[in-house]
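Below: the structure, in structure tokens.
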Amino acid sequence: MRRTSSGLCQYYVTQADAALARPLAEELIRIAGDDLRSAHFGHHFLADCDLMDGDSARALEAYRRSLGLAITMGDLLEIMWEVEGVGMASAGCGNSRLALRLHGAVAAQMRRLDLDPSVPFWDALIASTSSSQRSRSPGRGSDSVRSSSAHRG
489 MRRTSSGLCQ YYVTQADAAL ARPLAEELIR IAGDDLRSAH FGHHFLADCD
539 LMDGDSARAL EAYRRSLGLA ITMGDLLEIM WEVEGVGMAS AGCGNSRLAL
589 RLHGAVAAQM RRLDLDPSVP FWDALIASTS SSQRSRSPGR GSDSVRSSSA
639 HRG
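This is the structure:
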């Protein structure tokens, strides 16, 4: 049930359909039990929904919860994606400087690991928040923000 909910939720998130994804993300959190990965995905997808709905403060809280779970799991790639999520939500909350620093740190780590994965939904969120960050931070160019990001949704 958890894997099915996670996969379906991911699909709706990648389709930018927060109305259908949100209840699945909430259900995933509710049924996760001691399955850290399912709880992690639930919080991540919930944060994505919040970001799509323009609620950066709620997204920030959910990405932070998901980040904590990724750290507990010791999953470096998930940690990097959650740090990017925290950066995007921080930008939406008006903290462009932190957002740029987090995006830069993730970009550097991705380069060190020779990774350059790309998922259209995640790339669009990054681009959206990056343009917002640049407009709020005079003198900070787009090279400070990773142009190619990745995530499942």
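Offset between the sequence shown (1-based) and my numbering: plus 488. C-beta atoms are modelled at their ideal positions from N, C-alpha and C, and glycine is treated no differently. No experiment lies behind these values; they were computed from the predicted model shown.
- Item | Pair within 8 Å by beta-carbon distance, Val574 and Leu548 | Against the sequence shown, residue 574 aligns to sequence position 86. Against the sequence shown, residue 548 aligns to sequence position 60. Result yes, Cβ atoms of Val574 and Leu548 sit closer than 8 Å.
- Query: With distances taken between CB atoms, is the gap from Ala550 to Asp538 smaller than 8 Å?
  - Reply: As a working mapping, residue 550 is identified with position 62 in the sequence shown. As a working mapping, residue 538 is identified with position 50 in the sequence shown. For the pair Ala550 and Asp538, the CB atoms are nearer than the 8 Å cut-off.
- Query: Can you give the beta carbon distance from Met561 to Leu524, rounded, assuming they're within the 8 Å contact cut?
  - Reply: In the sequence shown, the residue the question calls residue 561 occupies position 73. In the sequence shown, the residue the question calls residue 524 occupies position 36. Indeed, because the Cβ distance is near 5 Å, the residues count as touching under 8 Å.
- Item | Enclosing alpha helix (DSSP H) for Leu508 [first to last residue] | As a first step, residue 508 is located in the sequence shown; it is residue number 20 there, counting from the start. Where Leu508 is concerned, the enclosing alpha helix (DSSP H) stretches over 506 to 519.
- Measure how close the beta-carbons of Ala577 and Ser554 come, nearest whole angstrom, since I'm counting them as under 8 Å. As a first step, residue 577 is located in the sequence shown; it is residue number 89 there, counting from the start. As a first step, residue 554 is located in the sequence shown; it is residue number 66 there, counting from the start. About 11 Å; that fails the 8 Å criterion.
- With a Cβ-Cβ cutoff of 8 Å, do Ala545 and Cys581 count as a contact? Locating residue 545 in the sequence shown gives position 57, counting from the first residue. Locating residue 581 in the sequence shown gives position 93, counting from the first residue. Going by C-beta atoms, Ala545 is nearer than 8 Å to Cys581.
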